[in-house]
Every structure is written in C-alpha cells, then in structure tokens.
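Asks: This is the structure, below, for whatever I ask next.
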Amino acid sequence: MLTNAQNLRSDAGLASALRVSLARLTRRMRKQAAHHSLTPTQLATLAAVERQPAMTPSELAEHEKVQPPSMTRVIAKLEERGLLARSPHPSDRRQVTVSVTAAGAALLKEERRTKEAWLAQRLKELTAEERATLRAAAPILEKLSKM
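Every letter in the sequence shown is one number past the one before it in the UniProt record's numbering, and letter 88, counting from 1, is 88.
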C-alpha cells in the first residue's frame with residue numbers, strides 16, 4: 001500500500017488526489033451559493049451567456065454539453081425570472097440570441113462575491129507558505145482547465 005506522499009509522486013496518483021480534492025472543494029463552494037434557488041445548470045448557463053454574449057440557444061447547448069431541448073427549458077426558466085433576455089438574431093431571422101439582463105448580472109456578481117468571501121476566509125486559515133504554494137499553482141490549474 002502506497003502512502004499519500006508516495007502516491008502523489010506518480011501522475012496517476014496526482015490525478016486521483018486532484019480529482020478528489022477539486023470535487024470536494026467544488027461541492028463546498030456550491031454550498032456557499034447566494035440565496036437565489038438556481039440549479040447548477042441554470043447558474044452555469046447564465047455565466048456562460050455573460051462570458052459569451054449573443055449566443056444562440058443551439059450554440060449555448062453545445063457550449064454547455066446539453067441537448068437543445070434541455071437548454072430551451074433552462075433558457076425559458078431564466079427568462080421567466082428576468083435573468084436572460086432573447087433578441088432577434090442580427091443576420092438570421094429564424095433564430096434568436098440570448099443575453100444576460102441587469103438582474104442576471106447582479107445575481108452572478110452576488111454569487112461570485114459570496115463564494116469568493118467564503119474561499120478568502122478559508123485561505124486565511126492556511127499558512128503563508130501554503131498560500132504561496134496555491135498562488136504558484138493557480139496558473140497551472142487554469143491551464144489544466146483549458147486543455
């Protein structure tokens with residue numbers, strides 16, 4: 001049986017440890033959500049539209065890796081709550097684009113603020129050396145997220 005330190009020396013061991021740790025951290029961050037009652041899919045959709053405005057529902061479904069009928073339902077719920085708005089497509093009258101409303105942008109801002117405040121508090125509980133290690137790792141984790 002390998003110890004944790006020995007296990008982390010292999011790429012497979014590191015992959016396993018990162019997967020478990022990141023999954024736990026993600027779950028903990030989700031629990032810190034602002035009080036808005038959006039599902040994780042609705043929240044991810046809203047954030048995706050904010051990052052890439054004027055997407056069509058089909059483009060959004062592809063981006064979020066869901067089926068178009070599912071995305072249509074998500075968009076309808078977000079639109080019903082005043083968080084997304086549909087507009088005519090600029091070059092194709094058969095399509096629409098979606099964009100984040102001011103209320104949607106405010107909700108995302110509050111969501112991020114709440115999660116970042118929680119994480120900042122957790123970071124204060126670490127040593128200066130641990131925080132320095134995380135600062136060095138942050139660009140690497142970002143790189144992994146884009147591969």
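C-beta atoms are modelled at their ideal positions from N, C-alpha and C, and glycine is treated no differently.
Is the beta carbon of W118 less than 7 Å from the beta carbon of Q32?
Replies: Taking the first residue of the sequence shown as 1, we reach residue 118 at position 118. Taking the first residue of the sequence shown as 1, we reach residue 32 at position 32. Yes.
Asks: Quick check on the DSSP output: what are the complete beta strand (DSSP E) runs of length 3 or more inside the region 94-120, in order along the chain?
Replies: Listed in chain order, they are 96-100.
Asks: Looking at the strands, I want to know which residues DSSP matches up with E87.
Replies: Within the sequence shown, numbered from 1, the residue matching residue 87 stands at position 87. Just to set this straight, residue 87 is Ser in the shown sequence, not Glu. DSSP lists T97 as partners of S87.
Asks: Do R135 and L123 have their CB atoms nearer than 7 Å?
Replies: The residue you call residue 135 lines up with position 135 of the sequence shown. The residue you call residue 123 lines up with position 123 of the sequence shown. No, the pair does not count as a contact, with Cβ atoms beyond the cut-off.
Asks: Does the distance from the CB of A103 to the CB of L83 come in under 7 Å?
Replies: For the purposes of this step, residue 103 is identified with residue 103 of the sequence shown, where counting begins at 1. For the purposes of this step, residue 83 is identified with residue 83 of the sequence shown, where counting begins at 1. A contact, by the Cβ cut-off of 7 Å.
Asks: To the nearest angstrom, report how far apart D11 and V20 are at their CA atoms.
Replies: On the sequence shown, position 11 is the one that residue 11 refers to. On the sequence shown, position 20 is the one that residue 20 refers to. Straight-line Cα distance between these residues: approximately 14 Å.
Asks: Do V74 and T101 have their C-beta atoms within less than 7 Å of each other?
Replies: Taking the sequence shown and counting its residues from 1, the one referred to as residue 74 is at position 74. Taking the sequence shown and counting its residues from 1, the one referred to as residue 101 is at position 101. Contact: no.
Asks: Can you tell me where the alpha helix (DSSP H) with K143 in it begins and where it stops?
Replies: If you number the sequence shown from 1, residue 143 lands on position 143. Unbroken alpha helix (DSSP H) run through K143: A128 to S145.
Asks: Going by the CB atoms, is the gap between H63 and E48 shorter than 7 Å?
Replies: Position 48 of the sequence shown, counted from the first residue, corresponds to residue 48. Position 63 of the sequence shown, counted from the first residue, corresponds to residue 63. What sits at residue 48 in the sequence shown is Ala, not Glu. Yes, the Cβ-Cβ distance between A48 and H63 is below 7 Å.
Asks: Quick one: what's got a C-beta closer than 7 Å to K115's C-beta in the same chain, skipping five residues either side?
Replies: Taking the sequence shown and counting its residues from 1, one reaches residue 115 at position 115. Answer for K115: M29 and Q32, listed in chain order.
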